[in-house]
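Numbering (the working numbering), first residue to last: 14 to 237. Glycine included, every Cβ here is placed at the ideal spot set by N, Cα and C.
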């Protein structure tokens, strides 16, 4: 199934599967891919599937839609193409082209809401096992929800990037790096707080026991 991998400044922030024949991308919360940035129009572009091929179409946006650096009105996407909107890059990955996606190792979006957007691992999967890779990570970490409807839930951080928060309201990303984990603000007016201090787009290192507050929900970073 084709997928769109969204990144900014080289950091992957979300992945969206092409589950419908037509999906929209824009700043408004009703879009299938929401990018809360003033450079992005309310309904900026559309992704359309036709005869197993995917096209991107600009919807008369203010700042235009680019594919591999070239402004387009409507363009057939090839595996690996980069759709550029403002500072955001959206990489098109087609499973039919091979196993390239598995090597990318990005987080799969969940159902939204206050709890972390990453889905938990399949039942019976050993802790620390990275899905699709067959190897166990050296550092094991998780986010524990301390307040709200999902209080007590723990979500293992088994992917390279895990997004948490409410799409369109406040979203942050936790990224696994060789020397540990970092967190940064992705989108929305509400910025995450780390141990009571507001953080922005610059990554901040996490240590076990750190308290994160985002969109009114308190969470704790745990690493073993």
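| Asked | Found |
| --- | --- |
| At least three beta-carbon pairs within less than 8 Å, the stretch 15 to 29 to the stretch 98 to 107 | yes |
| Simplified DSSP state of residue 182, which is helix, strand or coil | coil |
| Beta strand (DSSP E) runs wholly inside the stretch 180 to 233, at least 3 long, in chain order | 183 to 190, 193 to 200 and 224 to 227 |
| Residue 173 - partner residues in DSSP beta bridges | None, per the DSSP bridge assignment. |
| Rounded separation between residue 222 and residue 190 - CA only | 18 Å |
| Assigned exposure category for residue 147 - 16 Cβ within 10 Å defines buried | Any reading at residue 147 needs caution, since the residue's pLDDT is 35, under 50, leaving its predicted position unreliable; the model's value is listed next. Looking at its Cβ environment, which holds fewer than 16 other Cβ atoms inside 10 Å, residue 147 is exposed. |
| Beta-carbon spacing of residue 169, residue 185 below 8 Å | no |
| Residue span of the beta strand (DSSP E) that contains residue 70, given as start and end | 66 to 71 |
| Given residue 192 as reference, the closest of 217, 73 and 78 once Cα atoms are compared | 217 |
| Rounded separation between residue 23 and residue 160 - CA only | 32 Å |
| C-alpha gap between residue 35 and residue 57, whole angstroms | 13 Å |
| Cβ neighbours of residue 14 in the same chain (closer than 8 Å, five flanking residues each side left out) | 30, 31, 32 and 108 |
| Which listed residue (188, 179 and 182) has its alpha carbon closest to that of residue 171 | 188 |
| Distance CB(residue 179)-CB(residue 228) smaller than 8 Å | yes |
| Assumed close pair residue 78, residue 98 - CB separation to whole angstroms, cut-off 8 Å | 6 Å |
| Backbone secondary structure at residue 89 - three-state DSSP | strand |
| Three-state secondary structure assigned by DSSP to residue 20 | strand |
| Exposure of residue 40, with buried meaning 16 or more beta-carbon neighbours within 10 Å | buried |
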